[in-house]
Ligand code: AMP
């Protein structure tokens, strides 16, 4: 699809939306797979001045109903092949439902609309996220947040019209939507989408579209490395930059990827509330997420709200042009994470080293308290993921009458590997203080993953681990 066709399709979509009563500032749900139809609908909604509320295509009727009511949406645009859950939720909420058909812009009769003028403070999108606790809240991402985020991405990638971006990330999530879709379109690059992710499909795309910039989460890099798809190193030579984010990148995966792909794998840290990237690490110091991206400040603060000394662990705070406006309609929730001078409390624990490089220690809420000691699951995961034979691992706390919490490791083995619980405990015991060593080890065929491919700890069935 050329840029001329994309522009005309999006503006015709905007005209059709206006005909259906969508006005500047109206919230509209968008549920569609990562395909050109998503891109056209997203840009069409932006051109109409609407606020896009993207949702996972596997969302249930209850989840859709919750978001519809929470943001007072005026319409739903949904992929035509989705089941009835979405349509039913729209009917119950009393809002119109419009199917997104394949190449739907070709059957629109409207003339391309003029793009509605908006200010930087106007809300461009509301992305629902569970954040640290509680029910999902809509992070309000402004036009200014998006423009700043794509400008920052450009300084990182140095990309231009000659580049070809590609990803298998979903577009309803901030990472794929901003750091890939908007970042590539804003520089006139080519954008290739893979949906759903399989190692073979992603590797085919890299080879056939000569992708130069790719982005994904660590579980995807891991899958690309172990997949037996018959692709050769020569097939992957076009890639000059790979961007990892969303979860900690194990040192082994970083090393193996750079060796195998022969290109730079940079690691970004960020979240929905920071419109994707807040820090970036260029690969020299495995385990670190690097320093703040342009025009962004990052501090690590203690419970008293003051910056802690170098090397000490505290909560990571971010300030800059990509920090969200707030949570939609939730003044209290916003106040609890965002100070009046724009500092966002991320809910992540981290520490700086002497060079000013940030290390994410863990999510505040995932911290395990075992017999009075703080255990950071991410630290234990890092050690276990280096154990030969281990493909993926999640470490979680289990309630324990005696110690308060006990540590459990849920392990996925590499194909063909044989390891026993004792091996895992011995590996951890040789590398970690005694109190950090998991006492419960379970092997599973796979770990539950969220839409971006991130391991979903809260979906691990803890009682069954006992
Ligand atoms: P989301 O809002 O869904 O993008 O989730 C953001 C969360 O993912 C952050 O608050 C971190 O806990 C985690 N995260 C993102 N990037 C990284 C990274 N590079 N290393 C460790 N955790 C990360």
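In the working numbering, the protein residues as written are 392 to 857.
Note that beta-carbon positions come from the ideal geometry of N, C-alpha and C, so glycine has one too.
All of these numbers come straight from a predicted model, not from anything done at the bench.
When the Cβ atoms of the stretch 409-426 are set against those of the stretch 466-476, are three or more pairs found closer than 8 Å?
-> yes
Determine the direct distance from the alpha carbon of residue 738 to that of residue 523, and round the result to whole angstroms.
-> Its pLDDT being 43, under 50, residue 523 is placed unreliably by the model, and the measurement read from it follows with that caveat. For residue 523 and residue 738, the distance between alpha carbons rounds to 6 Å.
Residue range of the alpha helix (DSSP H) that includes residue 650 = 642-652
Use the C-beta contact count for residue 684: other C-beta atoms within 10 angstroms, 16 or more gives buried, fewer gives exposed.
-> Buried is the call here.
Determine, using beta carbons only, whether residue 476 and residue 451 come nearer to each other than 8 Å.
-> yes
Name the one or two DSSP bridge partners that residue 488 has.
-> 467
Contact between the stretch 754-762 and the stretch 779-795: three or more CB pairs below 8 Å?
-> yes
Anticipated Cβ contact below 8 Å, residue 405 with residue 431, distance rounded = Not a contact, Cβ separation roughly 10 Å.
Compute the minimum distance between the beta carbon of residue 904 and the heavy atoms of the ligand AMP, and state whether it is under 7 Å.
-> Shown here, the chain extends from 392 to 857; a query on residue 904 therefore has no answer.
Which same chain residues, not among the five before or five after residue 835, have their C-beta less than 8 Å away from its C-beta?
-> 801, 802, 803.
Taking DSSP as the reference, what is the three-state secondary structure of residue 394?
-> helix
Taking all protein chains shown into account, do 16 or more other C-beta atoms lie within 10 angstroms of the C-beta of residue 847, making it buried, or fewer, making it exposed?
-> Exposed.
Straight-line Cα distance separating residue 518 from residue 459 | C-alpha separation (whole angstroms): 12 Å.
Whose C-alpha, out of 597, 680, 591, is nearest the C-alpha of residue 581?
-> 597
Considering residue 691, what are the terminal residues of the beta strand (DSSP E) in which it resides?
-> 688-692
Assign residue 859 to one of three DSSP states: helix, strand, or coil.
-> The requested residue 859 does not occur in the structure, where the chain is confined to residues 392 to 857.
Among the residues of its own chain, which have a CB less than 6 Å from the CB of residue 527, if the five just before and after it don't count?
-> 519, 521
Hey, residue 781 and residue 767: beta-carbon distance below 8 Å or not?
-> no
Less than 7 Å between the CB of residue 739 and some heavy atom of the ligand AMP, yes or no?
-> yes
Runs of alpha helix (DSSP H) wholly within the stretch 426-450 (minimum 4 residues, chain order) = 427-438
Would you check if the distance between the CB atom of residue 682 and the CB atom of residue 692 is smaller than 8 Å?
-> Cβ distance not < 8 Å, so residue 682 and residue 692 don't count as in contact.
Would you kindly work out how many angstroms separate the C-alpha atoms of residue 734 and residue 688, rounded to a whole number?
-> Distance between the alpha carbons of residue 734 and residue 688: 9 Å.
Supposed close pair residue 717, residue 729 - CB separation, criterion 8 Å = 6 Å
Is it right to say residue 564 is buried, meaning 16 or more other beta carbons lie within 10 angstroms of its own, or is it exposed?
-> buried
Measuring CB to CB, does residue 777 end up less than 8 Å from residue 643?
-> Yes, they are a contact pair.
For residue 794, which residues of its own chain have a beta-carbon under 8 Å away from its beta-carbon, when the five flanking residues on both sides are left out?
-> Excluding positions up to five away in sequence, the list reads 761, 762.
Residue span of the alpha helix (DSSP H) that contains residue 454, given as start and end | Taken as a continuous stretch (DSSP letters only), the alpha helix (DSSP H) holding residue 454 covers 452-461.
Look at the alpha carbon of residue 667 and the alpha carbon of residue 712, and state the distance between them as a whole number of angstroms.
-> 12 Å
Separation of residue 731 from residue 622, as counted between CA atoms | 52 Å
Contact test: residue 662 Cβ vs the ligand AMP heavy atom, cutoff 7 Å | Correct: residue 662 has its Cβ closer than 7 Å to the ligand AMP.
Go to residue 571, then tell me how far its beta strand (DSSP E) extends in each direction, as first and last residue.
-> Counting along the chain, residue 571 falls outside any beta strand (DSSP E), and DSSP gives it neither H nor E.
When the distance is taken between beta carbons, is residue 664 closer than 8 Å to residue 640?
-> no
Report yes if the C-beta of residue 520 is less than 7 Å from at least one heavy atom of the ligand AMP; otherwise report no.
-> yes
Answer yes or no: do residue 784 and residue 822 have a C-beta to C-beta separation smaller than 8 Å?
-> no
Any chance you could list the alpha helix (DSSP H) runs of at least 4 consecutive residues sitting entirely within the stretch 709-762, in chain order?
-> 722-728
Going along the chain, which residues of its own chain have a beta-carbon closer than 8 Å to the beta-carbon of residue 649, five neighbours each way excluded?
-> 655, 656, 674
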